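Colleague:
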Amino acid sequence: MTPTTRSQARKQSQPQSKLIPLRKPEDARERSGSPDRVENYATMIPAFVTAPVPLKILDELIEESKNGLRGLIDDDEGNTGYHLCILDTMDLNSVEHGSRTPVQPFESPFIGWTDDECRSWMNEHRHPYFATYTFVVLDKDTVKNKTIRIGYLFVDEPQGDQMMVHDFYTSMHSMPALEIGNMTWSCNEEFLGTGKVYNRQKFEEGQKKAYETYLRMERERKENEAKTLAHLNLL
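Its first residue numbered 126, the sequence shown is counted upward by one per residue in my numbering.
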């Protein structure tokens with residue numbers, strides 16, 4: 126199945142529901158320079174709330190996902206251009222920026238929805254502000270285990286109908302690479318549909334292993350250079 130481009134997604138955008146999210150007046154008085162604003166070309170990762178989730182849990186998810194991005198790219202800002210957007214409305218045209226704390230009370234229009242229903246709805250409501258490939262589902266395990274599930278919008282691709290589970294810290298780790306095509310969905314095979322949780326511990330173990338591999342390769346490179354130099358000196 127050919128991936129939908131942003132220009133195609135723009136053409137597929139459709140008028141949405143008249144459901145109005147419960148926002149505070151100060152939302153309109155935002156600094157235009159905020160990197161999570163769609164007017165600054167931020168891309169929203171849609172998060173469907175399919176079961177009741179306390180606001181404090183949503184706040185924790187937002188903060189931890191930002192901390193996770195800072196850890197991923199080793200940057201204080203952690204701005205990858207992709208921002209979690211907890212959907213409090215079906216009117217995607219009304220979304221101006223990613224989710225922020227404190228989250229204001231709202232009624233999710235997606236309570237009781239299945240993963241397939243969320244995927245189908247997003248495919249039917251393509252929007253230039255929103256991700257092309259990925260979406261997030263928040264369910265009862267979001268409250269119980271502090272996890273989220275990530276889905277793929279193209280089920281025709283290998284394991285495209287499978288979901289993977291992340292903790293809050295790593296909840297946004299896969300999105301940038303998947304959205305720009307540096308990673309395929311099947312690269313996550315260990316976690317797709319298995320129920321295994323990709324969490325901060327696994328991420329940090331991977332980072333440590335990668336750093337140790339880098340040090341080993343640098344050591345071997347220097348040893349080889351020294352041997353080559355010694356050989357040249359004998360000539």
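Backbone N, C-alpha and C fix where the C-beta goes; we use that ideal spot for every residue, glycine too. Note that the structure is predicted; figures quoted are calculated from it, not measured.
Give me whichever residues DSSP pairs with H298 in a beta bridge.
Modeller: Paired residues: none, contrary to the question.
Colleague: What residues are listed by DSSP as bridge partners for V261?
Modeller: According to DSSP, which records beta bridges pairwise, V261 is partnered with A172, I275.
Colleague: So D184 and V228 are supposed to be a Cβ contact under 8 Å. How far apart are they, rounded?
Modeller: 6 Å
Colleague: Nearest-angstrom Cα distance between M215 and R251?
Modeller: 12 Å
Colleague: Leaving aside the five residues before and after P283 along the sequence, list all residues of the same chain whose C-beta is less than 6 Å from its C-beta, in chain order.
Modeller: S311
Colleague: At which residues does the alpha helix (DSSP H) containing C312 begin and terminate?
Modeller: Looking at the DSSP string, C312 is not in any alpha helix (DSSP H), and its letter there is neither H nor E.
Colleague: What do you reckon, are the CB atoms on G308 and F255 nearer than 9 Å?
Modeller: One detail in the question is off: residue 308 reads as Met in this sequence, not Gly. The Cβ-Cβ distance between M308 and F255 does not fall below 9 Å.
Colleague: Drop a sphere of 10 angstroms on the beta-carbon of R274, count the other beta-carbons inside from all chains shown, and report buried for 16 or more, exposed for fewer.
Modeller: buried
Colleague: Within the stretch 197-247, note down every full beta strand (DSSP E) run reaching 3 residues or more, in order along the chain.
Modeller: 207-211
Colleague: For the candidate residues C243, H298, K265, N270, whose alpha-carbon lies nearest to that of L278?
Modeller: Ranking the options by Cα distance to L278, first place goes to C243.
Colleague: Can you give me the C-alpha to C-alpha distance between D213 and T175, rounded to a whole angstrom?
Modeller: 11 Å
Colleague: Specify, as a first and last residue, the run of the beta strand (DSSP E) that M289 falls within.
Modeller: Per DSSP, M289 belongs to the beta strand (DSSP E) from 289-292.
Colleague: With a 10 Å radius around its C-beta and 16 neighbouring C-beta atoms as the bar for buried, classify I211 as buried or exposed.
Modeller: It counts as buried.
Colleague: How many whole angstroms separate the CB atoms of F316 and V290, which I take to be in contact at a CB cut-off of 8 Å?
Modeller: 7 Å
Colleague: Could you check where the alpha helix (DSSP H) with E164 kicks off and where it finishes?
Modeller: First-last for E164: undefined, no H or E at that position.
Colleague: So N349 is in the alpha helix (DSSP H); what residue range does that whole segment cover?
Modeller: 325-359
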